[in-house]
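Asker:
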Amino acid sequence: MESPAAILDEVRGFLDGLRREWPEVFLRRRPRTRFRSAPSVAAMPAAPRSAPAEGGLEAHFHARASFWAERLGVTFGAVRVKDQRSLWGSCSRRGNLNFNWRLSLAPSEVQDYVVIHELAHRLEMNHSRDFWAVVERVCVQHKAHRRWLRKNGARLYGVSRPVPRAS
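What the sequence shown shows, in our numbering, is residues 278 to 444, in sequence order.
1) Using only alpha-carbon positions, find the residue among 281, 372, 336 and 423 that is nearest to residue 364.
2) Do residue 455 and residue 341 have their CB atoms nearer than 8 Å?
3) Please classify residue 376: does DSSP put it in a helix, a strand, or coil?
4) Which first and last residues belong to the alpha helix (DSSP H) in which residue 343 is found?
5) Over the uninterrupted alpha helix (DSSP H) stretch that includes residue 412, give me the two end residues.
6) By DSSP, does residue 430 sit in helix, in strand, or in coil?
7) Check residue 319 in the structure and name its three-state DSSP category.
8) Rounded to the nearest angstrom, how far is the Cβ of residue 360 from that of residue 345, given a contact under 8 Å?
9) Give me the Cα-Cα distance between residue 448 and residue 383, rounded to the nearest whole angstrom.
10) Here's the rule: buried if 16 or more other CB atoms are within 10 angstroms of the residue's CB, otherwise exposed. What is residue 407?
11) Does the distance from the C-beta atom of residue 380 to that of residue 356 stay below 8 Å?
12) Do you know how far the Cα of residue 351 is from the Cα of residue 405?
Okay, here's the thing in structure tokens:
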């Protein structure tokens, strides 16, 4: 008998195959629920189970940044969502945070990792050992999330920005 984790991995693989073959179906109507593995980020609250609506991405990432900023003991400025060509996120010297809208298509744990990564730059504006120690303090599985982005990032970059619907 297969373990529940093995069954979930098989289901995820099947769904990933469907997403590759018919991405337009998954972009139009995202499922209301998502299979989630055990939390890999310390004390992570439930994030939205599907990508926020087009107009709500800045609010979504602002809420995630507020949650994690409190835990890291940092502040931040404005939060913007952009159509970035090569970055998942960035943090300016003034503390303004930018996130790629495609990040909203990634699992919530990966989204939180990127938010934590950018907020860690408020303490260390580099990628030194001290920086990674800050990230690891609240995101123990950060290496797995980085691997996920490396493995799946090209697929996310292949997704076109949805056209806003007329009201």
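Beta carbons: idealized from backbone N, C-alpha and C, even for Gly.
Answerer: Reading off the structure:
1) Taking only the C-alpha atoms, the option nearest residue 364 is 423.
2) Absent from the model: residue 455. The displayed extent of the chain is 278 to 444, so no value can be given.
3) Here residue 376 sits in strand by DSSP.
4) Segment 334–349, the alpha helix (DSSP H) holding residue 343.
5) It spans 406–415 - the alpha helix (DSSP H) in which residue 412 sits, taken as one unbroken run.
6) It is helical.
7) With a pLDDT of 43 at residue 319, under the threshold of 50, the modelled position of this residue cannot be trusted, and the question is left open.
8) Not quite, the Cβ-Cβ distance comes to about 23 Å (not below 8 Å), so this is no contact.
9) Outside the shown range of the chain (278 to 444) lies residue 448, about which nothing can therefore be said.
10) Counting other Cβ atoms within 10 Å of its Cβ, residue 407 stays below 16 and is therefore classed as exposed.
11) Residue 356 is positioned such that its CB atom lies no closer than 8 Å to that of residue 380.
12) Between residue 405 and residue 351, the C-alpha separation is close to 18 Å.
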